[in-house]
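Asks: My questions all concern the structure below.
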Amino acid sequence: GAGVSQSPSNKVTEKGKDVELRCDPISGHTALYWYRQSLGQGLEFLIYFQGNSAPDKSGLPSDRFSAERTGGSVSTLTIQRTQQEDSAVYLCASSPRVGDSPLHFGNGTRLTVT
Amino acid sequence: RKEVEQDPGPFNVPEGATVAFNCTYSNSASQSFFWYRQDCRKEPKLLMSVYSSGNEDGRFTAQLNRASQYISLLIRDSKLSDSATYLCVVNLENSWGKLQFGAGTQVVVTP
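Sequence order for the protein chains is Z and B.
Under the numbering used here, the letters of the first sequence match residues 7 to 120, in that order.
Under the numbering used here, the letters of the second sequence match residues 5 to 115, in that order.
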């Protein structure tokens, strides 16, 4: 498609379960970013990829969070043993280059942990 | 001090008026600056990049003040459709790809 695609759009899960969120970036975009946004809050940086490598993982909130990107395209964000404080909208963005080009965001995945 | 700070507002602006607000950043070596707008429960969308010399896009003007480490956004002739949260974005020099978002400034344009 023309834009960044994220799936699922909504996910409700029970506390303690693992979840996997998917992001399909715009074709040809080298950089891919994950952010999360809690209700009424700003965007919290999680991780970015340059190609398949993640030079900066400092934003991941805990070791329950991991992300990978394969083939320089699709990325998955995995949250293990989900907690209620993980509830948020997880936004993925891509850009042609790292750092100096604007981000194009997907519609996000709204995660609710019950 | 937060890396990127914004006045949360809200800025209540009569239709047709001008509104301006700033965003301060802590890293003096930051190189990339953007303004995004976010509508309620929607994803952020790029409004404009901010260049060293300042730049204008229609009714929107962005400025960069490196000495005082802030960027500004000015909206002229405000429209009802300008009501949104405006997010400033700054890269961190020691992590080129880490684009840090401010918490946003809410603008409400009233008839």
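Using N, Cα and C, we set each Cβ at its ideal position, and we do this for glycine too.
By a C-beta neighbour count over all protein chains shown, 10 Å radius and 16 as the cutoff for buried, is D69(Z) buried or exposed?
Replies: The residue labelled residue 69(Z) in the question sits at position 63 within the first sequence. Exposed.
Asks: For V39(Z), go through chain B and note every residue whose CB falls closer than 8 Å to its CB, in chain order.
Replies: Position 33 of the first sequence, counted from the start, is the residue given in the question as residue 39(Z). Before going on, a small fix: residue 39(Z) reads as Tyr here, not Val. Result: G101 and L103.
Asks: Note down, in chain order, all residues in the segment 34-49 of chain B with a beta-carbon under 9 Å from any beta-carbon belonging to chain Z.
Replies: Answer in chain order: Q35, S36, F38, Y40, Q42, R45, K46, E47, P48 and K49.
Asks: Using 10 angstroms around the beta-carbon of A24(B), count the other beta-carbons present and answer buried if the total reaches 16, otherwise exposed.
Replies: On the second sequence, position 20 is the one that residue 24(B) refers to. Exposed is the call here.
Asks: Does the Cβ-Cβ distance between H110(Z) and A94(Z) come in under 7 Å?
Replies: Reading the first sequence from its first residue, position 104 is the one you call residue 110(Z). Reading the first sequence from its first residue, position 88 is the one you call residue 94(Z). Cβ atoms of H110(Z) and A94(Z): not closer than 7 Å.
Asks: Leaving out five residues on either side along the sequence, give the residues of the same chain with a beta carbon under 8 Å from the beta carbon of G77(Z).
Replies: Counted from its first residue, the first sequence places residue 77(Z) at position 71. Here the set comprises N58.
Asks: Give me the residue from K63(Z), S107(Z), Q90(Z) and I53(Z) with the minimum Cα distance to R116(Z).
Replies: Within the first sequence, the letter at position 110 stands for residue 116(Z). When only C-alpha atoms are compared, the closest one is Q90(Z).
Asks: Just the Cα atoms here: how many angstroms apart are P102(Z) and Q104(B)?
Replies: Taking the first residue of the first sequence as 1, we reach residue 102(Z) at position 96. Taking the first residue of the second sequence as 1, we reach residue 104(B) at position 100. About 18 Å.
Asks: Curious, which full-length beta strand (DSSP E) runs of at least 3 residues does the segment 24-93 of chain B contain?
Replies: Segments of the beta strand (DSSP E) lying fully in the segment 24-93 of chain B: 37-42, 49-53, 59-61, 64-69 and 74-79.
Asks: Taking only the alpha-carbon atoms, compute the straight-line gap between H35(Z) and G9(Z) and give it to the nearest angstrom.
Replies: By 1-based counting over the first sequence, the position of residue 35(Z) is 29. By 1-based counting over the first sequence, the position of residue 9(Z) is 3. Roughly 11 Å separates the two Cα atoms.
Asks: Leaving out the 5 sequence neighbours to the left and right, which residues in its chain are closer than 8 Å to Y54(Z) when beta-carbon positions are compared?
Replies: Locating residue 54(Z) in the first sequence gives position 48, where the first residue counts as 1. Excluding sequence neighbours, Y54(Z) sits near A37, L38, Y39, W40, A60, P61, D62 and V104.
Asks: Does G108(B) come within less than 7 Å of chain Z when only Cβ atoms are used?
Replies: Here residue 108(B) is taken as the residue at index 104 of the second sequence, counted from 1. For G108(B), the answer is yes, since a Cβ of chain Z falls inside 7 Å of its Cβ.
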